[in-house]
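Here's the structure we're looking at; comments come further down.
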Amino acid sequence: MDMRYEAFCLEDPQFYETPANWGGDHDSFDVPARSCPPGWERSQFGVWSLLRPAEHSGPEQGWKVHVSAVPKNAARVLATVADYCLPRGVPFKFITSEKALVARNSKYAPRESSGKFVTIYPVDDKELARILVDLSLALVGERGPYILSDLRYDEGPLYVRYGAFVELWTSDESGRPVPALRRPDGVLVPDRREPVFQPPDWVSLPAILLPQLEVRKGAATVDYPYRVDQALHFSNAGGVYLARPADGGDVVVLKEARPLAAMEWDGTDAVHRLYHEGRMLDRLAGIAGVPELRDQLAMWEHDFLVMQHMRGRSLAQWQADEYPCHQREASSHELRSYTRRALNVVADVEKLLSDIHDRGVVFADLHPGNILVDVDDSVSLVDFELAFDVGLRRRRPAFGAPGFGAPADRMGFAVDDYALAALRLWMFLPMTTLTALAPAKLRAHAEFVRRRFPLPAGYVEDVLAELDPGQAALLPSGPVADACGPDEPDCMVADAVHGGGALPEFCWAALRDSVVEAISASATPERQDRLFPGDIEQFSLGGTCFAYGAAGVLHTIAVSGGGRHPGYEQWLLDAVRREPVRRPGFYDGAHGVAYVLDFLGHRTEAAALVEAAAPLVRASRDHRLGGGLAGIGLNLLHLGRTWRDAALVTDAMAIGERLAEQLAETRPRSNAAVGLLRGWTGPALFFLRLYEHTLDRPWLRLAELALCRDLGNCGYGSDGSSPASAGRRLSSSLAAGSAGFALVGDMIVGYLPEAACAPDLPVLERSCQAEFVSEAGLFSGRAGMLGALAVLLRRGADADTERAMHRHRTLLVSLHATHYLGALAFPGSHSLRLSMDFATGSAGVLRAMTLAGGGEGTLLPFL
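The sequence shown begins at -17 in my numbering and counts up by one.
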């Protein structure tokens, strides 16, 4: 799971919300800076407030000072900084609220920026030195987390890093827009923000920092008692490593804790939790399956536990590798074999929990990531940070894995009993995060498991009795003789479009109207940052873009038969006029919005966007369909033909030539991003459209070459080998996997039957028929596979494709759909919150369902 999502779940129980919108004035730091002094300007950027003199004209980059803090001392630290900077005319910014500060220093916050509370912008090295000396004295005794990307000054909360003072952008090696620095020759290069101090090679370290660098280098030369062999995991709390004693010996696990980092709301930090875990392990010594505590020590400024290395895969990885429903149609033998092994694993976990309970300890963090399964399917538990003495009746874990955390009324051993019941269901349908968001889905999930797997009588009923006794009573009565096939109608439990009852027949008009109703009900036209709630990417890319913003939603509603919404269209127009163009791409920037504005009849505004994006297009080397030249070229070709503008068509042809040159220069890479949105399959689609426009066969050959390059990057070989044989599991998704490959490959083979990708098409199409898909969304989930099969079926696919499409659309409703204000809605990425956007949420699902129901249009623009 992408742990960035954690912080966006803390404010709103239904939708992802940016920390910039958390709380209100009651949660803001009360400092003199809040009322802007005369002659100063104040601006708000996300969670940051920036104050600077109105006439200030500082450099665009340089050495900046970061001040670290924790909630307990943040107001005091900020007041000290403001009292220093305001009378001296030194610009600075600060995190506005305590809630945002805690979130940015949480366990899974980005490590490179954690701890940053205030940023100060000196005009030169002389002012930098003065600020460091003065503030180090003013902040004596104040502490904050170590900022890993910076060099610390002295022993206080001051840190220094070379970076941009204003917003500069360039492209990275893959062509994606990234923050930039300007080299002395004027060329913009990526500003690499990593958890290590590494200034640009053209920059000299100011004299005041030279002693600090020597101190840091000296720490690296100390002879520590352990030598790290491999990093297993990183979080803001610290790393987990495989290591060996310096004087020889068996492999051990080192678990690191950074002081004042990964702090909880109650002020508990990583170090406190580490030593608490040590006490729990000591108390549980001798239990098979619990790591033996070997040592506790400090190295440099961090604390470590030294523990026995417990072998095996995480249960999450074990299940991903062994689960039979990842295939198109699992056999009864495969289902029985998996069921037998899964039940044995669950029984071993239950036995291990019982042994821990016998010592009077509640584990309190049971989930698949904390369970290891060895080659013989024996289990062990790791991560005892949240374990507690059952005698502490009021003690409950501060956080836990979504779907496995017990309700507020569970105390003591009941916390583990709930998590174990959730695990017993997860083993056969790993969608627990969705039931945390929408508990009403429990019954449908349980019924799917009960009918699909040959489980002991009463297994599912016992699980539901622990998780939700009310829903257990609603399960159909009577035994299930054996697992039924994935296509049998009575195996599907479909929610009604407006809640309650069953949906035996798919009424597409009613379903469409219900989804449109949910999307409309979620709209927030009073906000400027976004119109429809969607993925967290909308808060960094903006609320207008096609993939995650208003443009894609409005286009989808219209082409799916949901009508026009003038008020929402006006919001989009106002946002475009208000916001400068920062990204030119189709799905993440200006060209996707221009496409939709033209579709909605706003040609003047669309043309203005295309013109404003032109300098960024000329500078881009991003080849992708998602945010790069392939999507831009497709849109220019489309608009040029629609508007009869030969200049735009010429621009599209020039982009095609640029992409052809890049393809020739690019060599196959096993770690390259692949797929329709992220790899060379997007340019293949563009080359194909250029061939259709010109009938010049070199474009067709380029389309073939680009797709084959992508297939080669993900493990397909000309000898018929598959990604699995190359050690890489190929996703079935539309954006990055076989669904996108199959659609473009099928188009190429339609023009070029002898294309090198032709032998791969049957395998790619079968991959789209996988029974289990964890998410609903169009780009990465079941909707994308459903839409791809609907398109392939129109082109003449076989009966298996039709059966698989029926299965996808049924399961999409029965397993994934939930409700928002009584209307049908779908969860977004990771199923932690609902989403209404095109890429991850309800709008994209609506598009796929419309095609599967016989509706008109394309799955994606230009596809």
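No residue lacks a Cβ here, since even glycine has one placed at the ideal position from N, Cα and C.
Since residue i contacts residue j with CB under 8 Å, what's their CB separation in whole angstroms?
{"i": "F76", "j": "C67", "result": "At roughly 10 Å, the Cβ-Cβ gap does not stay under 8 Å, so F76 and C67 are not in contact."}
{"i": "G657", "j": "A740", "result": "Actually they do not touch by this definition, with Cβ atoms about 19 Å apart."}
{"i": "P436", "j": "T321", "result": "6 Å"}
{"i": "A418", "j": "G385", "result": "4 Å"}
{"i": "Y569", "j": "L513", "result": "With 8 Å as the limit, Y569 and L513 do not qualify as a contact, their Cβ atoms being about 17 Å apart."}
{"i": "H573", "j": "I614", "result": "5 Å"}
{"i": "A383", "j": "G351", "result": "7 Å"}
{"i": "L774", "j": "A830", "result": "Actually they are not in contact, since the Cβ atoms of L774 and A830 sit about 13 Å apart, beyond 8 Å."}
{"i": "V498", "j": "G544", "result": "4 Å"}
{"i": "A590", "j": "D580", "result": "Going by Cβ atoms, the distance from A590 to D580 rounds to 11 Å, so no, they are not a contact pair."}
{"i": "L407", "j": "V431", "result": "6 Å"}
{"i": "A642", "j": "L684", "result": "6 Å"}
Beta carbon of residue i, beta carbon of residue j: below 7 Å?
{"i": "G810", "j": "G823", "result": "yes"}
{"i": "M(-17)", "j": "H812", "result": "yes"}
{"i": "C307", "j": "E753", "result": "yes"}
{"i": "T663", "j": "L682", "result": "no"}
{"i": "A420", "j": "L806", "result": "no"}
{"i": "P1", "j": "V29", "result": "yes"}
{"i": "Y141", "j": "H284", "result": "no"}
{"i": "N617", "j": "Y673", "result": "no"}
{"i": "P139", "j": "S50", "result": "yes"}
{"i": "P566", "j": "V599", "result": "yes"}
{"i": "V726", "j": "A666", "result": "yes"}
{"i": "M289", "j": "V235", "result": "yes"}
{"i": "P735", "j": "N695", "result": "no"}
{"i": "L816", "j": "Y802", "result": "yes"}
{"i": "P172", "j": "D154", "result": "yes"}
{"i": "R748", "j": "R310", "result": "yes"}
{"i": "L611", "j": "L621", "result": "no"}
{"i": "G661", "j": "D627", "result": "no"}
{"i": "T526", "j": "A505", "result": "no"}
Give the range of the beta strand (DSSP E) segment to which residue i is assigned.
{"i": "L163", "result": "159 to 164"}
{"i": "A146", "result": "140 to 146"}
{"i": "D108", "result": "Checking the sequence, you will find Lys at residue 108 rather than Asp. Counting along the chain, K108 falls outside any beta strand (DSSP E), though it belongs to the alpha helix (DSSP H) covering 107 to 120."}
{"i": "Y135", "result": "133 to 135"}
{"i": "I518", "result": "Neither: I518 is in no beta strand (DSSP E) and is coded neither H nor E."}
{"i": "Y577", "result": "Not the beta strand (DSSP E): Y577 falls in the alpha helix (DSSP H), residues 572 to 581."}
{"i": "G221", "result": "220 to 227"}
{"i": "A588", "result": "Taken as a continuous stretch (DSSP letters only), A588 belongs to no beta strand (DSSP E), being part of the alpha helix (DSSP H) at 585 to 601."}
{"i": "R815", "result": "R815 -> no beta strand (DSSP E), and no H or E assigned at all."}
Kindly indicate if chain C contains any beta-carbon less than 7 Å away from that of residue i.
{"i": "G567", "result": "Structure shown: chain C not included; a single protein chain is present."}
Go to residue i, then tell me how far its alpha helix (DSSP H) extends in each direction, as first and last residue.
{"i": "T321", "result": "314 to 340"}
{"i": "W681", "result": "679 to 695"}
{"i": "Y128", "result": "No alpha helix (DSSP H) holds Y128; DSSP gives it neither H nor E."}
{"i": "L845", "result": "Run containing L845: none; DSSP gives neither H nor E here."}
{"i": "G846", "result": "Look at the range of the chain in this structure, -17 to 845, and you will see that residue 846 is not part of it."}
{"i": "A82", "result": "80 to 86"}
{"i": "T783", "result": "781 to 793"}
{"i": "D444", "result": "441 to 449"}
Name, in chain order, the residues that DSSP records as bridge partners for residue i.
{"i": "L287", "result": "K237, Q278"}
{"i": "I102", "result": "V47, F74"}
{"i": "A807", "result": "T800"}
{"i": "S153", "result": "P159"}
{"i": "H215", "result": "V222"}
{"i": "S25", "result": "L32"}
{"i": "V431", "result": "BP columns for V431 are empty, so no partner."}
Please confirm whether any heavy atom of the ligand ATP lies closer than 6 Å to the CB of residue i.
{"i": "T417", "result": "Of the ligands one can find in the structure shown there are none, so the ligand ATP has no counterpart to examine."}
ask   = Does the stretch 51 to 68 come within contact of the stretch 116 to 128, defined as at least 3 CB pairs closer than 8 Å?
value = Enough Cβ pairs lie closer than 8 Å, so yes.
ask   = Is there contact here, the stretch 252 to 259 with the stretch 308 to 327, by at least three beta-carbon pairs under 8 Å?
value = Counting C-beta pairs closer than 8 Å gives fewer than three between the stretch 252 to 259 and the stretch 308 to 327, which falls short of the contact rule.
inquiry  = Is it the case that the stretch 820 to 834 contacts the stretch 534 to 548, given that we only count it when at least three CB pairs across the two stretches are under 8 Å?
reply    = Contact annotation: the stretch 534 to 548 touches the stretch 820 to 834, with at least three C-beta pairs closer than 8 Å.
inquiry  = Count Cβ pairs between the stretch 346 to 357 and the stretch 278 to 289 that sit closer than 8 Å; are there 3 or more?
reply    = A contact is defined here as three or more CB-CB pairs under 8 Å, and the stretch 346 to 357 fails this definition with respect to the stretch 278 to 289.
inquiry  = Count Cβ pairs between the stretch 322 to 330 and the stretch 763 to 775 that sit closer than 8 Å; are there 3 or more?
reply    = Contact fails between the stretch 322 to 330 and the stretch 763 to 775, because fewer than three Cβ pairs, one in each stretch, are under 8 Å apart.
ask   = Between the stretch 216 to 224 and the stretch 89 to 100, do at least 3 Cβ pairs fall closer than 8 Å?
value = Taking a contact to require three or more Cβ pairs closer than 8 Å, the stretch 216 to 224 and the stretch 89 to 100 qualify as touching.
ask   = With contact counted as at least three CB pairs below 8 Å, one residue from each stretch, are the stretch 221 to 234 and the stretch 194 to 212 in contact?
value = A contact exists between the stretch 221 to 234 and the stretch 194 to 212.
The stretch 33 to 48 touching the stretch 104 to 111, judged by at least three CB pairs closer than 8 Å = Yes, since at least three Cβ pairs between the stretch 33 to 48 and the stretch 104 to 111 fall closer than 8 Å, the two stretches touch.
task = Assess, as a yes-or-no matter, whether the stretch 334 to 343 is touched by the stretch 260 to 273 under the definition of 3 or more beta carbon pairs within less than 8 Å.
result = Yes, the stretch 260 to 273 touches the stretch 334 to 343.
query = Touch check for the stretch 781 to 794 and the stretch 830 to 840: three-plus C-beta pairs under 8 Å?
reply = Segment contact: the stretch 781 to 794 against the stretch 830 to 840, three or more CB-CB distances shorter than 8 Å; contact assigned.
message = Using 8 Å as the cut-off, can you tell me whether the stretch 178 to 187 makes contact with the stretch 125 to 133, which would need three or more C-beta pairs spanning the two stretches below that distance?
response = Touching, yes.
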